[in-house]
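Engineer:
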Amino acid sequence: MKRLLALLVAVALASACNRPASVTRDHIRFSHSPHLSRGLSCTTCHANRATPGEVVLPPEQQCRSCHTAPAEQRCDFCHTAPTAPGRYARTNRELHFSHARHSSRVEGNCMTCHGVGAATGTVTTFEPRVPTMDGCASQCHGRDMRALNCTRCHENLRRYSIDDVALVRHGPGFARHHGAEARTMGSTCAQCHEPTFCSRCHSGEPGLPVADLDPMAVTNHFVHRGDFFARHPDEARFATNTCTRCHGVEFCDGCHRASGVGGGVGPGSTHPPGWLNPASPNSHVREARRNILTCASCHESDATQVCTPCHRVGGVAPSPHPPGFRAGIDARQHSVCTVCHGTSP
Amino acid sequence: MRMRFDVIFRGVPRYVLTTQENPASADDRYWRSIALAPLQERFLLDGTNFMHGHVDVHLSAWDSVDLTDPTSSDGRVAGDVAVAWTKYHRGPWSVWGGRRFIPWGAPGGVHLDGLGVEVRLTEGLTLDALAGRPVTPAYGSLLGGHPGFDGVTAAGGARIGWSQPGTFSAAVSYLEHWAAGIPVRRIAEATFVVNPTRWLNVRGEVSWDLLGLGIMQADVDAAAWVGRTVEVDAGYGHLDPALLIPRWSILSVFVTRTYDEGRLRAAWRILPVLQVGAEGAMQHYDVPGVDASQQGPQWGSRVEFFVRATSRDRRFQFTAMASHRDDGVHRMLLLRTAGSFPIWGPLLGALEAATALDDDDFAAPRTSWFGRASVEGPVAAAWRLGASVDGVRSPLAASELRGMIHLTGRFDVRLGGRQ
C-alpha cells in the first residue's frame with residue numbers, strides 16, 4: 050500500500066512538473082552575429098528616424114521587411130510564447146545618456162562601448178554588450194568615477210548600496226576635510242546626501258549628537274562621540290583649527306554662559322590662581338596670547354566689561370592690539386573702538 | 528520624499544558653576560549637579576521634485592521637553608528649526624527661501640534666514656547669491672546655551688564656481704556680515720578641488736578677512752592613491768584666531784598667536800573590509816611682532832594610529848584608535864575602541880570605551896574615561912528602538928551614569944512618478 054501511495058505521489062509530481070505553465074513568459078529570440086555576418090551595420094536596424102544620431106530597438110515591421118520567407122513570418126520564429134507575445138525586455142537604468150553625443154565622440158564606432166568585454170575576434174561570435182560602469186570608466190569616464198561625479202550619468206543612486214561608495218571615498222579623516230569638497234562641488238555630495246544631512250552636525254544641536262542618533266555606527270570616524278564632551282577643552286587647545294572649521298566662537302560662548310563657566314578668579318573658578326598677575330605663570334596674558342578663542346569661548350559677549358576696565362586707553366594694562374594692528378572700521382564711529390578710546394581715538 | 532523621526536529620552540546630569548556668597552561676604556564657587564530627563568524629538572524631511580518636478584522642500588526641526596527640570600524659570604521646553612527651506616528650480620535657474628545652512632562664505636559656513644538665487648550660466652559655471660539674517664540655533668536653556676549675540680544682523684554675498692567634472696572645480700565667494708551697525712566680517716574665500724591624475728586629489732580653501740587684511744583660515748590637502756588600497760594625504764593648515772571673532776566683540780582686536788600645522792596621513796585598506804592607518808602632525812605657534820621669549824612654547828604635535836573594520840553588510844563594525852597630542856604645555860593620550868555586532872537575529876549591540884589620559888599625571892582631573900553599551904532592533908516596519916547606558920568620568924565628575932532610550936522611524940515615500 051505504501052509503495053502504491055509513493056508511486057501515486059511520484060506520478061503526480063512528475064505530471065505537475067511536465068505540465069506547461071498556464072502563462073509562459075515570452076522573450077524574443079535574437080542573435081546579433083548572424084546579422085552582422087551578412088554585412089549589416091548597427092544602424093541598419095537601430096537607426097532612429099525621428100531623432101538622428103539616437104538609436105532605437107527596431108520595431109517588428111522592420112524585422113519583417115527582411116524576414117519575408119513564410120517560415121520567418123510566423124510569430125514563433127522570434128517569440129518563444131507567440132500566444133502571449135511581449136515586447137523587448139526594457140530596463141530603466143535611470144541614466145542621463147545620449148547615444149547621439151557618444152556616437153560622434155567614438156566616430157560612429159559602436160564597438161568602442163558595446164565591444165567591451167565581448168568576443169570581438171569574429172562577427173560570427175560577436176554579441177554586443179550593454180556597457181558596465183567599469184567599461185565606461187576604462188574608456189572615458191575614469192576621472193568621473195574617481196571624483197564620484199556620478200550624476201554626470203546617473204539620475205540618482207538610490208538603487209545602489211551606499212556602502213561601496215562610502216568605503217572608497219570616505220576614508221579616515223574625511224570628516225575633517227570634507228569642507229573643501231562641499232564648498233566647491235556640493236552637487237557631488239548631494240548625489241547621496243539630502244541637504245538636511247548637513248544640518249545634523251552643522252546646525253549645532255548639542256542635545257542630539259550624531260553618536261546618539263546612530264549609536265550603532267561606531268566606526269564613524271567622527272570627533273563627537275560620547276566621550277568628546279569630557280575632553281573638549283583639551284581638544285580645543287590641541288587642535289584649534291579643527292574646531293573652527295565648523296564652529297564659530299559664538300557656539301562656545303552660548304553654552305559656557307548657561308553653565309556659569311568663565312567667571313571669577315581663584316578656587317572653584319575656571320581661572321587658576323595668579324590669573325590677574327602678569328608675572329604669574331598662570332597669567333591671563335599668556336593664555337590670551339596662546340589662543341584668544343579660549344577667552345572668546347566665554348567672554349565674547351562680555352569682554353567689554355571684563356577686559357576694558359584695564360585695557361582701555363589710560364588703563365593699568367597695556368594696549369592689547371597686535372603690532373601693526375589695522376582696525377578695518379572707522380574707529381571714531383563705532384562702539385567697539387570708542388569703548389576704550391573714547392570718541393577721539 | 529524621505530522622512531526621519533527620532534524620539535530620545537535620556538537621564539543625564541548637567542553641571543552648572545554656581546556662585547554663592549559665604550558668611551565672609553566672599554563668593555564660594557562650586558559645581559552644582561542637576562539631574563535632567565529631557566524628552567527630545569527630531570524630524571527631518573526631504574522632498575524633491577514636487578509640482579511637476581520644480582519644487583524641493585527640506586525641513587529639520589527639533590524640540591525638547593525636560594520632565595525633571597527643577598528650575599522651571601529657565602524653561603522646560605526648548606526647540607528650534609534647524610533647516611526649513613524650499614527651492615523652485617526651472618532650467619538653469621533656481622530660487623530658494625527659508626532657513627538654510629550654506630557651506631560657503633565663511634569658515635564653518637553660514638546659517639541664515641534668507642533668500643537666494645542660483646544660476647547655471649553655462650555647463651559647469653554657476654553663480655550663487657544670497658542675503659538674509661544669520662542665525663545661531665537656539666539651544667534649550669539648561670540643555671545648552673543661547674547665542675552670544677542676539678542683535679540685529681544681516682549678511683549677503685555671492686559665489687561663482689566652475690566645475691569641470693572629475694578634473695577641476697573651483698569657487699570664489701564674497702560675504703559681508705553686519706551687526707550692531709558696523710561691518711563685522713568681510714570675507715573673501717577661494718576653494719578648489721583638482722584631480723590632475725586618476726590617483727591624485729588636491730583640495731584647498733582659504734578665507735581672507737578684508738577688514739583686518741589677513742588670512743583667517745587656510746587648508747590645503749593633497750591625497751594620493753597608491754593602487755586602490757593605499758591613500759597618502761599631506762596637508763597644511765593656517766589659522767589666525769583673532770580674525771575669526773566678529774568685530775562686534777572687542778576680543779577681535781586683541782593680540783594672539785597664529786597657528787600653522789603640517790600633517791601627513793597614510794591609510795591602507797588591507798582587505799575590502801579592513802583598514803589601518805596613521806597620522807602625524809606638527810604645529811607651530813607664533814605671535815607676529817612679539818619676541819619669541821615671551822611667547823611660550825612654539826611647537827606642538829599630534830600622532831595617531833587607527834584600525835577600522837566593517838563587514839559588507841555593516842552588521843559587524845570595529846574601530847580602535849590611539850592618539851597623542853602635545854601643545855607644548857599639556858600632553859594627552861587618547862585611546863578609543865568600539866564595536867557593533869548582531870546579538871540575535873535583527874537585534875544589534877554596540878560597545879564603546881574611551882579614555883583620555885594626562886601624560887604628566889594619570890590621576891589629574893583632566894583625565895577622563897567613557898564607556899557605553901547599546902542595543903537596538905526593529906520594533907515595526909521602518910521603526911527601530913534602542914537603549915544605551917553610559918558610564919563617565921570627566922573633569923567635573925568622579926563618576927556618573929547616563930541612560931538613553933531612542934526610537935527612530937525612517938520613511939521613504941514616493942508621491943507620483945518623479946519623487
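Line by line, the protein sequences give chains A and B. Quick note: the first sequence uses this note's numbering, first residue 50, plus one each step. Quick note: the second sequence uses this note's numbering, first residue 528, plus one each step. Virtual Cβ for every residue (Gly too), placed ideally from N, Cα, C.
Thinking C-beta only, is V165(A) closer than 9 Å to R154(A)?
Structural biologist: Taking 9 Å as the Cβ cut-off, R154(A) and V165(A) do not qualify as a contacting pair.
Engineer: Quick check: P371(A) and V711(B), are their CB atoms within less than 9 Å of each other?
Structural biologist: Not in contact: P371(A) and V711(B) (Cβ atoms no closer than 9 Å).
Engineer: What are the residues that DSSP puts in a beta bridge with W795(B)?
Structural biologist: W795(B) pairs with V757(B) and V803(B).
Engineer: Going along chain C, which residues have a C-beta under 8 Å from R899(B)?
Structural biologist: Within the model displayed, chain C is absent; protein chains A and B are what it includes.
Engineer: Who are the near neighbours of H81(A) in its chain, counting only those whose CB is closer than 8 Å to its CB and skipping five residues on each side?
Structural biologist: Cβ neighbours of H81(A) beyond the five flanking positions: F175, E176 and P177.
Engineer: Which word fits I870(B), buried or exposed, when buried means at least 16 other C-beta atoms lie within 10 angstroms of its C-beta?
Structural biologist: Exposed.
Engineer: Since L778(B) contacts I341(A) with CB under 8 Å, what's their CB separation in whole angstroms?
Structural biologist: Confirmed, Cβ separation roughly 6 Å.
Engineer: Run the proximity test for R796(B): is its beta-carbon closer than 8 Å to any non-hydrogen atom belonging to the ligand ADP?
Structural biologist: In the structure on display, the ligand ADP does not appear, and there are no ligands present to speak of.
Engineer: Step through the CB atoms of chain B and report whether any lies within less than 9 Å of the CB of D125(A).
Structural biologist: Chain B, which has no Cβ nearer than 9 Å to the Cβ of D125(A), makes this no.
Engineer: Quick one: Cα of R531(B) to Cα of F246(A), how far?
Structural biologist: R531(B) and F246(A): Cα-Cα distance of roughly 11 Å.
Engineer: Quick one: is P540(B) near chain A, going by C-beta distance under 9 Å?
Structural biologist: Chain A contact via Cβ: absent.
Engineer: Using a Cβ-Cβ cutoff of less than 7 Å, which residues in the same chain neighbour G636(B) once the five nearest sequence positions on both sides are dropped?
Structural biologist: So the list reads F628, I629 and P630, once near-sequence residues are dropped.
Engineer: Let's test the definition: count the other Cβ atoms within 10 Å of the Cβ of A156(A) and tell me whether it reaches 16, buried, or not, exposed.
Structural biologist: For clarity, residue 156(A) is Glu in the given sequence; the question names Ala instead. Classification of E156(A): exposed, given that the 10 Å Cβ count is below 16.
Engineer: Helix, strand or coil for F246(A) per DSSP?
Structural biologist: Three-state DSSP puts F246(A) in a helix.
Engineer: Name the residues in the segment 338-358 of chain A whose C-beta lies less than 8 Å from a C-beta of chain B; which are they?
Structural biologist: Under the 8 Å Cβ criterion, the segment 338-358 of chain A contributes R338, R339, N340, I341, L342, C344, A345, H348, E349, S350, A352, T353, C356 and T357.
Engineer: Going along the segment 134-164 of chain A in order, which residues come within less than 7 Å of chain B, judged by CB to CB distance?
Structural biologist: So the list is empty, because no residue satisfies the distance condition.
Engineer: The beta strand (DSSP E) spanning Q825(B) covers which residue range?
Structural biologist: Unbroken run through Q825(B): none, as it is neither H nor E.
Engineer: Do the CB positions of V610(B) and R626(B) come within less than 9 Å of each other?
Structural biologist: For V610(B) and R626(B), yes; Cβs fall inside 9 Å.
Engineer: Taking the straight line between their C-alpha atoms, what separation do you get for T353(A) and R774(B)?
Structural biologist: Rounded to the nearest angstrom, the two C-alpha atoms are 12 Å apart.
Engineer: Leaving out five residues before and five after P590(B) in sequence, what residues of the same chain have Cβ atoms less than 6 Å from its Cβ?
Structural biologist: Note on residue identity: the sequence assigns Asp, not Pro, to residue 590(B). If we look at D590(B) and ignore the five residues flanking it on each side, its Cβ neighbours are E568 and G606.
Engineer: Return the residue from the list A266(A), T387(A), P282(A) and V355(A) that minimises the CA-CA distance to P892(B).
Structural biologist: Residue P282(A) is the option with its Cα nearest to P892(B).
Engineer: Which residues bound the beta strand (DSSP E) around I932(B)?
Structural biologist: E927 to D939 is the extent of the beta strand (DSSP E) around I932(B).
Engineer: According to DSSP, D302(A) sits in a beta bridge with which residue or residues?
Structural biologist: Answer is none; D302(A) lacks a bridge partner.
Engineer: Does S308(A) have its Cβ less than 9 Å from a Cβ in chain B?
Structural biologist: Yes, S308(A) lies at the interface with chain B (some Cβ there is under 9 Å from its Cβ).
Engineer: Could you tell me which residues DSSP pairs with F628(B) in its beta bridges?
Structural biologist: Its beta-bridge partners are H638(B).
Engineer: Since Q844(B) meets chain A, which of its residues come closer than 8 Å, beta carbon to beta carbon?
Structural biologist: Per Cβ cutoff of 8 Å: M265, A266, V267 and T268.
Engineer: Would P768(B) and Y786(B) qualify as a contact pair, given that the criterion is a beta-carbon distance under 9 Å?
Structural biologist: Cβ distance < 9 Å, so P768(B) and Y786(B) count as in contact.
Engineer: In angstroms, rounded to a whole number, what distance separates the CA positions of A337(A) and C389(A)?
Structural biologist: Cα-Cα distance, rounded: 18 Å.
Engineer: What are the residues that DSSP puts in a beta bridge with N722(B)?
Structural biologist: N722(B) is not bridged to any residue.
Engineer: When DSSP labels each residue in this structure, what does G253(A) get in the three-state scheme?
Structural biologist: Unreliable placement is indicated for G253(A), whose pLDDT of 48 sits below 50; the coordinate value is still reported in the next sentence. Here G253(A) sits in coil by DSSP.
Engineer: For the pair the segment 262-281 of chain A and the segment 876-884 of chain B, tell me if three or more CB-CB distances fall below 8 Å.
Structural biologist: Short answer: they touch.
Engineer: From the DSSP output, which residues share a beta bridge with H811(B)?
Structural biologist: H811(B) is bridged to D787(B) and W826(B).
Engineer: If I'm right that H616(B) touches H581(B) with Cβ under 8 Å, what's the distance once you round it to whole angstroms?
Structural biologist: With a Cβ gap of about 6 Å, H616(B) and H581(B) count as contacting.
Engineer: Would a check of beta-carbon distances place T181(A) closer than 9 Å to chain B?
Structural biologist: No, no contact with chain B.
Engineer: Counting Cβ pairs closer than 8 Å, one from the segment 896-904 of chain B and one from the segment 350-366 of chain A, do we hit at least three?
Structural biologist: With the cut-off at 8 Å, the segment 896-904 of chain B and the segment 350-366 of chain A do not touch.
Engineer: Which residues of the segment 762-786 of chain B have a Cβ closer than 9 Å to any Cβ of chain A? Give them in chain order.
Structural biologist: So the list reads G762, G764, H765, L766, P768, A769, L771, I772, P773, R774, W775, S776, I777, L778, S779, V780, F781, V782, T783, R784 and Y786, given in the order they occur along the chain.
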